[in-house]
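Notes follow once the structure below has been shown.
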Amino acid sequence: MAPLASPSGRYGPPQARPVRDGTVPADSTHRPALDAAAAAGAGGDDSRGALYRAPRSASVGQLLSATTSCTATVVGSRTGNVAVTAAHCVYWPAAGPMAAELPGPPGWLPLGQLIPGRAGDTTPYGRWPVQRAWVDPRWTQTGDPTFDVAFLRLAPRDGRSVAAVAGSQTITFTRPTPGAPVTVLGYPAEAPFDGLSLRRCASSAVTINHDQWGALQMPCAMTPGASGGPWLTRFDPATGAGTVTAVTSYVDRTSGRLSGIPIGGFAAALYQAADQAGTR
1 MAPLASPSGR YGPPQARPVR DGTVPADSTH RPALDAAAAA GAGGDDSRGA
51 LYRAPRSASV GQLLSATTSC TATVVGSRTG NVAVTAAHCV YWPAAGPMAA
101 ELPGPPGWLP LGQLIPGRAG DTTPYGRWPV QRAWVDPRWT QTGDPTFDVA
151 FLRLAPRDGR SVAAVAGSQT ITFTRPTPGA PVTVLGYPAE APFDGLSLRR
201 CASSAVTINH DQWGALQMPC AMTPGASGGP WLTRFDPATG AGTVTAVTSY
251 VDRTSGRLSG IPIGGFAAAL YQAADQAGTR
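The sequence shown runs 1 to 280 under full-length UniProt numbering.
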């Protein structure tokens, strides 16, 4: 198993090319224009990790800290400041099948920031500090990949939520059925990708590996940095809107398939905590 969090220093622009904050109109109706070339080929199966951009895809962003680069997605919530990602993007367990693969000591990682809709060296929707993260205690205690899901609470900016600026995706806590069409989005950061642009894979019939924690699997070329990216059902490639049903977790070395951990019923409590609790 190969987790897909990219170590520090393996992502982002060179130091000579700093990330630039963009501007968003006050009414927050601005969204990136649809990448027509990507949309034209969006149906069916595509494992290349092709460039992708659509109005609602701005809700997906690069989760960047001093330690790792991952992907996270803003999801609908009461506060408008909740995002979902992989647990191994915020906490490295001491036990379990991923422990030996993670490039550092166990424990909580620096919280970092979410850069929704990152496009090259620009951040058209700004950078949103992560205030707090929630993972299931079974992840911290055992490293069981069944629980490789985390929720984040993001700090508002100028009195506005990240969802009001970048949009959000619907989320479900019901596992998908085998054979369902699924789209994966992410910011893969290691070669041949650079972590600067959103990438997309799609399967017309996702498989479920019951021998590997019920993971969803599909062929996809994404590399580390894609961890935490959304697996979307009911996806509309023209708008970039769908329902988050899983998050990218690891690559199955036996088959080479990208694997996503379903956001099962256990994660509902994490979501509620992130949306309702105060931040420290």
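Don't be surprised by glycine CBs; every beta carbon is placed ideally from N, CA and C. For clarity, every value in this text was computed on a predicted model and none was experimentally measured.
Cβ contact annotation for residue 264 (same chain, cutoff 7 Å, sequence separation greater than five): 173, 175, in chain order. Residues of the same chain with a CB within less than 6 Å of the CB of residue 111, apart from the 5 flanking positions on each side, are 130 in chain order. In this structure, DSSP gives residue 173 a state outside helix and strand, which the three-state scheme calls coil. Within the same chain, 44, 45, 181 come within 7 Å of residue 204 by CB-CB distance, once the 5 residues on both sides are set aside. Using a Cβ distance threshold of 8 Å, residue 134 and residue 274 count as a contacting pair.
The closest CA to that of residue 234, considering only 214, 272, 183, 215, is found on 183. Counting only runs of 3 or more residues that sit fully inside the region 70–149, the beta strand (DSSP E) segments are 82–85, 113–116, 128–135, in chain order. Distance check between residue 102 and each of 254, 249, 256 places 249 closest, using alpha-carbon atoms only.
A residue is called buried once 16 or more other Cβ atoms fall within 10 Å of its Cβ, and residue 108, having fewer, is exposed.
Scanning 113, 90, 114 for the CA closest to the CA of residue 105 turns up 90. When DSSP assignments are scanned along the region 156–205, the uninterrupted stretches of alpha helix (DSSP H) that are 4 or more residues long and fall wholly within it turn out to be 162–166. The secondary-structure analysis by DSSP pairs residue 151 across a beta bridge with 84, 134.
For the set 246, 168, 223, 225, the Cα lying nearest the Cα of residue 81 is the one of 168. Taking 8 Å as the cut-off, the beta carbon of residue 196 is found no closer than this to the beta carbon of residue 72.
By the C-beta density criterion, residue 257 is buried, having at least 16 other C-beta atoms within 10 angstroms.
Minimum Cα-Cα distance from residue 259 among the listed residues 224, 276, 272 corresponds to 224.
Annotation for residue 46: no alpha helix (DSSP H) segment contains it, though the beta strand (DSSP E) segment containing it runs 46–51.
The straight-line gap separating the alpha-carbon atoms of residue 68 and residue 171 is approximately 24 Å. Listed as beta-bridge partners of residue 243 by DSSP are 170, 233. Where residue 268 is concerned, the enclosing alpha helix (DSSP H) starts and stops at 266–276.
Between residue 199 and residue 51, the C-beta gap is smaller than 8 Å, which places the two residues in contact. Take residue 59, set aside five residues on each side of it, and the residues of its chain with a beta-carbon closer than 7 Å to its own are 73, 74, 116, 166, 167, 168, 169, in chain order. In the displayed model, residue 54 falls within coil according to three-state DSSP, outside both helix and strand. DSSP, read as helix, strand or coil, puts residue 59 in helix. Taking the C-beta atoms as reference points, residue 136 is found no nearer than 8 Å to residue 88. In the displayed model, residue 262 falls within a strand according to three-state DSSP. Residue pairing by DSSP places residue 218 opposite 258 in a beta bridge. By alpha-carbon distance to residue 163, the top candidate from 79, 270, 49, 213 is 79.
Just measuring C-alpha positions, the residue of 125, 146, 213 sitting nearest residue 160 is 125.
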